[in-house]
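Right, one structure below, let's go through it.
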């Protein structure tokens with residue numbers, strides 16, 4: 001066969017797609033006796049056609065799923081669409097279409113693109129979160145959570161996106177900006193629905209220890225930081241004429257240095273405490289601060305500001321009166337909205353005290369040579385109390401841990417404080433003032449209050465509102481749909497109104513992986529027994545941008561469902577793999593920058609397999625890929641080279657490989673053995689490199705004369721090697737692999753051919769090359785047994801003529817032996 005012979009990429013793709021459709025080789029069978037594996041990838045938003053990011057993540061994911069099929073597992077590998085929510089709705093509004101029309105059209109476009117891309121999804125389990133058959137159960141879960149006290153409604157300051165005109169969960173605010181559109185986030189006082197995720201804060205934190213070996217380190221770290229557990233105390237500061245102000249502090253031992261208190265200027269507490277004489281100044285200051293974003297308020301380089309509220313609080317340990325101020329650097333929705341000002345131990349407090357002329361007292365001895373301002377590190381307690389001060393507690397000289405414990409004991413004995421654990425994590429705000437989402441199944445009645453929509457009336461379907469203006473207005477468009485909103489109360493039959501907000505799309509995606517286990521089940525959100533059979537997902541592949549948001553919520557849902565008796569596991573994803581992003585010319589792809597890359601154009605130019613191979617071979621999965629540095633044309637040339645092997649093999653299918661060329665058989669065995677280890681270690685790019693080496697070795701075996709190490713196309717080792725290449729390539733380049741498999745005389749599909757058998761004897765090396773260095777320079781190479789002892793290797797090395805010559809009679813100071821591959825002689 002001519003080395004220049006090629007194959008028609010497009011024709012091969014069109015040939016095999018209908019064959020795979022008919023055979024459905026990736027349809028998971030729950031009743032199969034084979035061991036089960038669940039391969040899960042994050043499902044997409046249908047806001048446009050597939051792009052290079054989709055191409056990368058699914059290509060990487062497919063390596064694992066197809067590998068498991070080849071290893072004999074029954075694999076659940078489903079796909080669906082996260083079709084509710086802001087991304088789909090905003091895209092629809094930009095295109096002046098109804099969200100349903102736009103969304104489902106895009107779903108079909110993406111579906112066809114996925115099919116062309118050859119991913120091994122089980123399409124019989126396809127789902128869309130915007131289907132009533134799906135969101136019926138999202139509503140069902142909401143009501144079940146509410147019955148367990150985990151869904152509730154309250155009034156509080158919330159994150160508000162002025163662009164999308166909706167509230168955002170804390171996790172959806174990144175550096176003070178909306179993570180969807182990038183607009184500066186402000187605060188609003190609204191009555192909203194929450195999930196009580198804080199009920200599971202400690203367990204969510206503890207279980208990260210179990211996930212640490214199989215989840216990316218940065219994801220585990222991000223979740224730990226977001227949950228943010230700290231140990232300290234709640235301390236009560238008495239205020240005459242008011243209820244005590246309770247603060248949380250991680251350093252109760254510094255209470256002797258508390259010389260003032262600060263409360264959030266936009267909190268109800270500040271409004272309650274301010275005296276009449278200070279009210280005008282307070283309201284002016286508050287109105288100015290409300291114009292600023294949260295990120296601006298927390299910036300460390302902004303000028304310190306505040307206003308005296310005109311009241312004092314009593315330090316519960318010293319009995320002294322300290323002024324209470326309102327300031328911008330305390331936030332109303334964090335902790336109690338009040339902080340004890342300890343300028344000696346907190347830099348923000350130091351700056352505030354300095355500007356406002358307030359007293360500064362150090363309560364921890366600073367290290368020798370310390371030249372900073374505030375200090376909150378380790379050291380003995382000082383000024384606790386200060387010399388000459390008569391106080392009922394004395395912790396001077398104690399280390400931080402002992403001082404904290406003694407202070408907490410004192411506060412608890414006096415009834416003015418209590419040891420406490422606090423979390424940075426806040427309850428999950430799930431209400432959205434948008435149309436395209438799951439309607440909240442609650443009816444508001446003046447007589448009966450919040451009334452759940454009866455379970456037998458679910459799903460509460462979203463009205464179409466065709467022709468209505470769905471652009472963001474700050475109030476859900478559903479509020480104006482009187483025919484839908486106005487309803488009889490299920491309890492008393494009187495006039496009532498439906499809740500007009502919809503749920504955050506992260507509610508939909510917090511349990512979709514469970515629905516995949518039984519997507520047509522009608523007696524609940526999922527068949528409990530089938531979920532028990534498949535869960536947890538053995539691997540979850542997706543972007544690191546969901547390190548906190550989606551992953552934390554999915555973990556929360558799983559734990560609640562376990563406590564409801566519907567799951568046996570408390571974690572949804574046993575292992576996780578993050579992919580990098582595809583950039584171009586060193587920058588994120590953007591039309592405005594002129595560096596966008598069309599996936600469709602790449603597929604048309606080079607074919608599916610070449611694009612997939614390029615993405616997998618580019619580097620470790622977690623690394624970013626700069627498409628400008630990639631060569632899909634080079635990938636295509638390699639695939640053609642591999643494909644030609646299948647046309648050169650002349651031995652019959654089923655020919656036993658024993659008796660074939662030993663060197664090529666050994667290369668095949670090592671490639672197959674290493675490929676399994678590399679895939680299980682997520683080193684897919686190295687696996688591809690090993691396949692390339694085997695292709696080259698096989699090509700040489702066919703082309704070279706026997707005198708130069710060749711064996712010819714009829715040698716059974718050539719068939720064995722080429723079949724191994726086809727099976728390994730099926731993980732990355734399924735069209736090429738299927739074509740090779742057919743040309744080798746086999747029926748489709750290569751995806752279910754089974755992992756190539758390896759003769760263990762071929763993995764045993766008869767000899768290895770030991771390198772001998774003198775002063776770090778290679779002076780000899782020795783062929784030795786793989787199990788040679790260090791003493792024997794040293795003796796052989798020192799006796800080698802080239803080594804003896806290089807030493808030249810100089811005394812040997814040290815010999816470092818790393819059997820069987822290295823001897824380093826120091827003279």
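Residue numbers (the UniProt record's numbering): 1 to 827.
Cβ atoms here follow ideal geometry from the backbone N, Cα and C, with glycine treated the same way.
Remember, predicted model here, so these are calculated numbers, not experimental data.
| Check | Outcome |
| --- | --- |
| Just list the residues that DSSP pairs residue 155 with in beta bridges. | 191 |
| Given residue 756, which residues of its chain have a CB within under 6 Å of its CB, disregarding the five upstream and five downstream residues? | 672, 724 and 727 |
| Cα separation between residue 210 and residue 557? | 18 Å |
| Once DSSP output is grouped into helix, strand and coil, what is the label at residue 777? | strand |
| So residue 548 and residue 222 are in contact, right, with Cβ under 8 Å, and what is the actual spacing, rounded? | 5 Å |
| To the nearest angstrom, how far is it from the Cα of residue 708 to the Cα of residue 696? | 15 Å |
| My output table needs one value for residue 365: the three-state DSSP class, helix, strand or coil. | coil |
| Starting from residue 230, follow its DSSP beta bridges and name the residues at the other end. | 422 |
| At what residues does the alpha helix (DSSP H) containing residue 388 begin and finish? | Looking at the DSSP string, residue 388 is not in any alpha helix (DSSP H), and its letter there is neither H nor E. |
| What is the rounded straight-line gap between the Cα of residue 164 and the Cα of residue 94? | 12 Å |
| Rounded to whole angstroms, what is the Cα-Cα separation between residue 572 and residue 512? | 11 Å |
| Using only alpha-carbon positions, find the residue among 355, 314, 450 and 254 that is nearest to residue 402. | 254 |
| Does the Cβ of residue 550 have 16 or more other Cβ atoms within 10 Å, making it buried, or fewer, making it exposed? | buried |
| Indicate the three-state DSSP secondary structure (helix, strand or coil) for residue 4 in the structure shown. | Confidence at residue 4 is low in this model, with a pLDDT of 47, below 50, so the placement of that residue is unreliable and no value is reported for it. |
| Would residue 205 pass as a contact of residue 215 if the rule is Cβ separation under 9 Å? | no |
| Excluding sequence positions up to five away, which residues of its chain have a Cβ less than 7 Å from the Cβ of residue 473? | 165 |
| Would you mind working out which of 185, 701, 488 and 636 sits nearest residue 448, comparing C-alpha positions? | 488 |
| Note the first and the last residue of the continuous beta strand (DSSP E) segment covering residue 166. | 166–168 |
| Enumerate in chain order the residues of its own chain whose CB-to-CB distance from residue 1 is below 7 Å, with the five nearest sequence positions on each side excluded. | Unreliable positioning characterises residue 1 in this predicted model, as indicated by a pLDDT of 45, which lies under 50. The coordinate reading is nonetheless provided below. Excluding positions up to five away in sequence, the list reads 644, 647 and 648. |
| Note down the Cα distance separating residue 213 from residue 616, rounded to an integer number of angstroms. | 23 Å |
| Is DSSP giving residue 264 helix, strand or coil here? | strand |
| Run through the stretch 660–730 for me and flag every whole alpha helix (DSSP H) of 4 or more residues, listed as ranges in chain order. | 662–680, 684–703 and 716–729 |
| Please identify the residue among 738, 825, 810 and 746 whose C-alpha is closest to the C-alpha of residue 772. | 825 |
| Taking buried to mean at least 16 other C-beta atoms within 10 Å of its own C-beta, is residue 129 buried or exposed? | buried |
| Should residue 282 go down as buried or exposed, given a rule of 16 or more other Cβ atoms within 10 Å for buried? | buried |
| On a Cα-Cα basis, can you pick out the residue from 49, 653 and 29 that is closest to residue 518? | 29 |
| Take residue 109 and list the residues in its own chain whose beta-carbon comes closer than 6 Å to its own, dropping the five residues that flank it on each side. | 49 |
| Assuming contact is defined by CB atoms lying nearer than 9 Å, are residue 79 and residue 546 in contact in what I supplied? | no |
| Have a look at residue 339 and residue 244 and give me their C-alpha separation to the nearest angstrom. | 13 Å |
| Tell me the rounded alpha-carbon separation between residue 411 and residue 278. | 32 Å |
| Is residue 259 closer than 9 Å to residue 395 when the C-beta atoms are compared? | no |
| Give me, in chain order, the residues of the same chain whose beta-carbon lies closer than 7 Å to that of residue 332; leave out the 5 immediate sequence neighbours on both sides. | 157, 264, 266 and 267 |
| Could you say which of 97, 660 and 32 lies nearest to residue 843 if we only look at CA atoms? | No answer is possible for residue 843: the residues shown for the chain start at 1 and end at 827. |
| Given that a residue counts as buried once 16 or more other Cβ atoms are within 10 Å of its Cβ, and exposed if not, what is residue 711? | buried |
| Going by CA-CA distance only, name the one from 766, 734 and 762 that's closest to residue 15. | 734 |
| Would you list the one or two residues that DSSP bridges to residue 829? | Residue 829 lies beyond the stretch modelled for the chain, which goes from 1 to 827, so this question has no answer here. |
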